[in-house]
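**Q** Handing you this structure, nothing more for now.
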Amino acid sequence: MHLPIITRLSGRYIFRSVLQSVLFIIGVALGVAMVVAIDLANNSASRAFELSAQSIAGKATHQIVSANGELPSALYRELRSDLGLEAAAPVIEHLVRSPQLGDRPLRLFGVDPFAEPPFRNYLTNIEVSGESQSPFEALTSFLAVPNTALISARTAGRYGIQPGDTITVQPGGEPAQLQIVGVLVLDGLGAAALDDLILTDIATAQEVAGQPGMINRIDLILPPDFDTNRITALLPEGAILTTPSARSDVLSQLTDAFELNLQALSLLALVVGVFLIYNTVSFSVIRRRAVFSILRSVGATRSQILRLVLGEALVLSAVGVIIGLGLGIIFGRFAVGVIAQTITDLYFTVNVQGVTLDVATLIKAAVIGLLASIAAAFIPAISATNTPPAGSLRRSLFEEGARRLLPLVTIGGIAMVILGVLLLQIPTSDLAISFGGLFCIVVGGALFTPVALDMMMRLAPVVLARIAGVPGKMAPRAVSRSLSRTSVAVAALTVAVSVIVGVSVMISSFRNTVTEWLTITLGADIYISPPQVMAVRSQGNIDPELADLVAAVPGVASVVSGRNVTTQAPDYPDLPDVNLLIASGELTGGQRPFVWLADGLTSENYWDALQTGDVIMVSEPFAFRRKITPENNVLRLITDDGEITFTVLGVFYDYASDQGSVFMADAVYRSHFDDPYITTMGVFINDDADYATVLDGIRAALAGTDLTAQSNRDLRNAAINVFERTFAITQALRLLAVIVAFIGILSALLSLQIEQTRQYGIMRAVGLTPGQLWKFTLLQTGLMGFAAGLMALPIGLALAIVLIYVINVRSFGWTMQLSLSPEEFLLAFVVAVIAAILAGLYPARRISKLVTAEALRGE
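Just remember that my numbering sits 17 ahead of the position in the sequence shown, which is counted from 1.
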């Protein structure tokens, strides 16, 4: 048969079956949109970080950095005078906030204007507004006038800042006033890189950051043949020579697991969409059995029928992909803000002002969408070619074939689950293998749907016949008779609802674990710290004499000071800097939970052991990433006294950072670090003291400083708010998976309605009222939702267990306690039933309005 004839037949069917075609397109579009949105958001955040890192590093080939983030200014002078390094530039980089600039984390970037030209071209692109000052005069003010700064033109325009305006910056200590003397104008990517920068000279930055005589790093441009040993010989203890790319690579790796988790969740929406595509193509094949029979009879080959069905799927998929790409860009604009906020909360500051369109991402999503669609359409297409011409006219043939496949489908489900379990048993840090195992379990569970649905529908008439009469007896049989379509729709809803169950249980378990951990860890009554720049980490320098001042407030029983700094572990150069948590006392009242402790130690007596000798504790994620065990229990750290080997006495549970931290007693820290400052204070009050009175007394004692005193409860709530923001994008992804499944149920019901129009006409002819048809249809959808909800519960529980005990451990290094709440399961079940019933309203309305004569016209 000529191909143009088949092509015209295909085109006519697509245009005549508008509703089915639209549902097919929506399923593809939403699945592709999720992949695009998450990829674009992840890539935009990564690109923003890369641009910022490249802009700040400039043309530097090497950098000198310190374990504690501080270098003496004298080192810079030695490099220039003793080694003759002219291409050297001192830098101060400090996180601040400014109420006038959106109260978001910003980089205070202090430079030596005379050393900058070889590295960065910021100062050659200054503009001012008005005629009162020229760019040269602005640069002169920047060089000569204290407390002056430059910001990017985009930032100035966004917040209405003009040259001459004054902004307040909060560095984690005393706030400072800076006068904006001009704006930095760069084009394209350079402008985006400056969005989070406040540029000052070195002296101003030292004053604002509270680092007199100190700098954060020294940028260098070294010839290829330069002997770097000459530089390392001059470096003080704790300082190292590195490259900008090495530092940025380590930082960018922090978010790899986070981004991969989001990508995996986005693919779940596409998996649900695949079920919808399969259902739609199956219906199109069944609906045109007679057409295929005639085509085969007049000479059409099996391959031509195959190309017809797959060609239709390809055309509709292409339309869905195009729409999905557009929707993905729109969704990505929402997702990028949420993801960037989470990265800023948990890892490092990143400012993303828009979505960076990446052609590779769009192509990848398009290919995934098209391949998934063709794969889903392939089995129905094969079934259209395998039936002989005479058999194609038998309406029950397809269902008979589907039922014969039930054992194979069930065995396939068992095989997929076993494969998933085996993949999860592989001891690997490769998350792709772990997610592969997870997907096998979810898909394998979905393959049990046909046999489980058939069994439930055989039992249902016994109960429903007594409750709903004749429709109650007919509805389960109708679902079972059309198992090839209903089971796929139910499988799609099962997968979507199992995602709700799994993710909800994981989030609630995580929330309960974190809440319990916060209750134990935040043992003090009142906490004092500088203004927070980052959500999960305090920074700033507090004079320790203020702790004595607080201790003298009536009602205060004791004050435990804390210090947060960074150092380096030379044995792990590819991992980020080490977060050191220092405390002068035990904050948990002997309740701190541990993964393991050295022999003889308990939660009650570990603090005494921690204060004697070079000993430390490390958090669970820290130990996981460095494979620290009771047998491998030593860690070398760079201190002001050089490299010191510490013995790890135990591993404690900690959920503040997935990069982990090292816990050290204050006495041990002061013996190796020349650092007089503290960062936080935990205040314990007397049992008989009035809490509000003591808090007011502390705030009065700290008047004139920028320190904040907040209650235990307020600090705990702030931490929970960060937790909720972290999972905001996850909540959106699981909702969209349910929307796709809802469309799948709607598609299946419309398919059944169109196919069984004659049967509905017969029902009306033999006396069923429109109301009974309504009841009949909604009972079908309700049963499908009931079955999906019931099957989703064990699959969702398995999903939660894998997420908690495998994916989270391998991604972030921490373990959580499984917390099962009946409300989570009940809510998911109700969502399944309601989604199915809502999807049945429109088909039920159409069926109830059937004209009997038209429905029976085929007779």
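Yeah, the Cβ is synthetic: ideal placement off N, Cα and C, and Gly gets one too.
In angstroms, rounded to a whole number, what distance separates the CA positions of A821 and P811?
**A** Along the sequence shown, read from residue 1 onward, the residue named residue 821 stands at position 804. Along the sequence shown, read from residue 1 onward, the residue named residue 811 stands at position 794. The question names Ala, yet the displayed sequence has Ile at residue 821. Roughly 15 Å separates the two Cα atoms.
**Q** Less than 8 Å between the C-beta atoms of A492 and Q797, yes or no?
**A** Along the sequence shown, read from residue 1 onward, the residue named residue 492 stands at position 475. Along the sequence shown, read from residue 1 onward, the residue named residue 797 stands at position 780. Yes, the Cβ-Cβ distance between A492 and Q797 is below 8 Å.
**Q** How is the alpha helix (DSSP H) around T427 delimited, first residue to last?
**A** Your numbering for residue 427 matches position 410 in the sequence shown. From DSSP, the alpha helix (DSSP H) with T427 extends over 423-442.
**Q** What's the gap between the Cα of Q467 and the Cα of E648?
**A** Your numbering for residue 467 matches position 450 in the sequence shown. Your numbering for residue 648 matches position 631 in the sequence shown. The sequence given here has Pro at residue 467, not Gln. One C-alpha to the other measures close to 51 Å.
**Q** Does the separation of the CB atoms of R653 and P610 fall below 8 Å?
**A** The sequence position of residue 653 within the sequence shown is 636, counting from 1. The sequence position of residue 610 within the sequence shown is 593, counting from 1. No, Cβ-Cβ distance for R653 and P610 is not below 8 Å.
**Q** Let me check one thing: in DSSP terms, what residues is N596 bridge-paired to?
**A** Along the sequence shown, read from residue 1 onward, the residue named residue 596 stands at position 579. DSSP output for N596 lists T583 as bridge partner(s).
**Q** Using the C-alpha atoms, what's the distance from I42 back to L333?
**A** The residue you call residue 333 lines up with position 316 of the sequence shown. The residue you call residue 42 lines up with position 25 of the sequence shown. Approximately 6 Å, taken between the alpha carbons.
**Q** Any idea what DSSP makes of A552, helix, strand or coil?
**A** Here residue 552 corresponds to residue number 535 of the sequence shown, with the count starting at 1. Residue placement at A552 is poorly supported in this model, since its pLDDT is 48, which falls under 50; the coordinates still yield a value, given next. Correct three-state label for A552: coil.
**Q** To the nearest whole angstrom, what separates the beta carbons of V514 and A849, a pair I think is in contact under 8 Å?
**A** As a working note, residue 514 is residue 497 in the sequence shown. As a working note, residue 849 is residue 832 in the sequence shown. Between A849 and V514 the Cβ distance is about 5 Å, and since that is below 8 Å, they are a contact.
**Q** Here's the rule: buried if 16 or more other CB atoms are within 10 angstroms of the residue's CB, otherwise exposed. What is N622?
**A** Working through the sequence shown from its first residue, we reach residue 622 at position 605. By the neighbour-count rule (16 or more Cβ atoms within 10 Å), N622 is not buried but exposed.
**Q** Looking only at its own chain, which residues have a Cβ that is under 6 Å from the Cβ of F690, when we skip the five neighbours before and after it?
**A** Within the sequence shown, residue 690 is the residue found at index 673, counting from 1. Cβ neighbours of F690 beyond the five flanking positions: T656, D657.
**Q** Alpha carbon to alpha carbon, what distance is there between T583 and Q194?
**A** In the sequence shown, the residue the question calls residue 194 occupies position 177. In the sequence shown, the residue the question calls residue 583 occupies position 566. Each residue's alpha carbon lies about 28 Å from the other.
**Q** Throw me the rounded Cβ distance for the L47 and I756 pair, which I believe falls under 8 Å.
**A** The residue you call residue 47 lines up with position 30 of the sequence shown. The residue you call residue 756 lines up with position 739 of the sequence shown. Right, their Cβ atoms sit about 7 Å apart.
**Q** Where does T503 land, buried or exposed, given buried means 16+ other C-beta within 10 angstroms?
**A** Taking the sequence shown and counting its residues from 1, one reaches residue 503 at position 486. It counts as buried.
**Q** Taking just the CA atoms, how far does F641 sit from V434?
**A** Residue 434 sits at position 417 when you count from the first residue of the sequence shown. Residue 641 sits at position 624 when you count from the first residue of the sequence shown. Spanning the two alpha carbons is a distance of roughly 28 Å.
**Q** Rank A173, N60, V128, A463 by C-alpha distance to the C-alpha of L90 and give the top, closest one.
**A** Locating residue 90 in the sequence shown gives position 73, counting from the first residue. One detail in the question is off: residue 90 reads as Ser in this sequence, not Leu. Here the closest residue by C-alpha is V128.
**Q** Could you check what DSSP says for Q37 in three-state terms: helix, strand or coil?
**A** On the sequence shown, position 20 is the one that residue 37 refers to. In the structure shown, Q37 sits in a helix (DSSP, three-state: H, G or I).
**Q** Going by DSSP in three states, W831 sits in which element: helix, strand or coil?
**A** Within the sequence shown, the letter at position 814 stands for residue 831. W831: coil per DSSP, three-state reduction.
**Q** Sorted by chain position, which residues of the same chain lie with C-beta nearer than 6 Å to L790's C-beta, five sequence neighbours on each side aside?
**A** As a first step, residue 790 is located in the sequence shown; it is residue number 773 there, counting from the start. Excluding residues within five positions, the ones whose Cβ falls inside 6 Å are I864, S865.
**Q** Report the partner residues of I235 according to the DSSP bridge assignment.
**A** For the purposes of this step, residue 235 is taken as the residue at position 218 of the sequence shown. DSSP lists I81, P107 as partners of I235.
**Q** What residue does the beta strand (DSSP E) around F126 start on, and which one ends it?
**A** Along the sequence shown, one-based indexing puts residue 126 at 109. First-last of the beta strand (DSSP E) with F126: 123-128.
**Q** Counting Cβ pairs, one atom from each stretch, are 3 or more of them under 8 Å apart for the segment 660-674 and the segment 601-620?
**A** They touch, by the three-pair rule.
**Q** Could you give the first and the last residue of the continuous beta strand (DSSP E) run that contains F611?
**A** The residue labelled residue 611 in the question sits at position 594 within the sequence shown. Run containing F611: 611-614, per the beta strand (DSSP E) assignment.
**Q** Determine the closest residue to V45 out of V113, L160, V487, V384, with distance taken between C-alpha atoms.
**A** To locate residue 45, count along the sequence shown from 1; it is residue 28. The shortest C-alpha separation from V45 is found at V384.
**Q** Looking only at its own chain, which residues have a Cβ that is under 7 Å from the Cβ of A564, when we skip the five neighbours before and after it?
**A** On the sequence shown, residue 564 is found 547 positions in, with the first residue counted as 1. Here the set comprises V576, S578, I695, M698.
**Q** How far does the alpha helix (DSSP H) with E841 in it reach, from first residue to last?
**A** In the sequence shown, residue 841 corresponds to position 824, counting from 1. From DSSP, the alpha helix (DSSP H) with E841 extends over 839-865.
**Q** Provide the residue span of the alpha helix (DSSP H) that contains A640, from first to last.
**A** Counting from one through the sequence shown, the residue named residue 640 turns up at place 623. It spans 637-643 - the alpha helix (DSSP H) in which A640 sits, taken as one unbroken run.
**Q** Where does L388 land, buried or exposed, given buried means 16+ other C-beta within 10 angstroms?
**A** If you number the sequence shown from 1, residue 388 lands on position 371. By the neighbour-count rule (16 or more Cβ atoms within 10 Å), L388 is not buried but exposed.
**Q** I think I715 touches V823, with their Cβ atoms under 8 Å apart; what is that distance to the nearest whole Å?
**A** As a working mapping, residue 715 is identified with position 698 in the sequence shown. As a working mapping, residue 823 is identified with position 806 in the sequence shown. Their Cβ separation, rounded to whole angstroms, is 45 Å, which puts I715 and V823 out of contact at 8 Å.
**Q** Tell me the DSSP bridge mates of Y544?
**A** On the sequence shown, residue 544 is found 527 positions in, with the first residue counted as 1. BP columns for Y544 point to G699, Q727.
**Q** In angstroms with no decimal places, state the Cα-to-Cα distance between L118 and L719.
**A** Residue mapping note: residue 118 aligns to position 101 of the sequence shown, counting from 1. Residue mapping note: residue 719 aligns to position 702 of the sequence shown, counting from 1. C-alpha separation (whole angstroms): 27 Å.
**Q** Express the C-alpha separation of F793 and A787 in angstroms, rounding to a whole number.
**A** Mapped onto the sequence shown, residue 787 falls at position 770. Mapped onto the sequence shown, residue 793 falls at position 776. The sequence given here places Pro at residue 787; Ala does not occur at that position. C-alpha separation (whole angstroms): 10 Å.
**Q** What's the C-alpha gap between Q196 and R171?
**A** The residue given as residue 196 occupies position 179 in the sequence shown. The residue given as residue 171 occupies position 154 in the sequence shown. Roughly 17 Å between the two C-alpha positions.
**Q** Check whether the Cβ atoms of L344 and A382 sit closer than 8 Å, and answer yes or no.
**A** Here residue 344 refers to the residue found at position 327 when the sequence shown is read from its first residue. Here residue 382 refers to the residue found at position 365 when the sequence shown is read from its first residue. For L344 and A382, no; Cβs fall outside 8 Å.
**Q** Within 10 angstroms of the Cβ of Q179, are there 16 or more other Cβ atoms? Answer buried if so, exposed if not.
**A** Numbered from its first residue, the sequence shown carries residue 179 at position 162. Q179 should be labelled exposed.
**Q** Could you give the first and the last residue of the continuous alpha helix (DSSP H) run that contains G489?
**A** Start at 1 with the first residue of the sequence shown, and residue 489 comes out as number 472. Where G489 is concerned, the enclosing alpha helix (DSSP H) stretches over 466-498.
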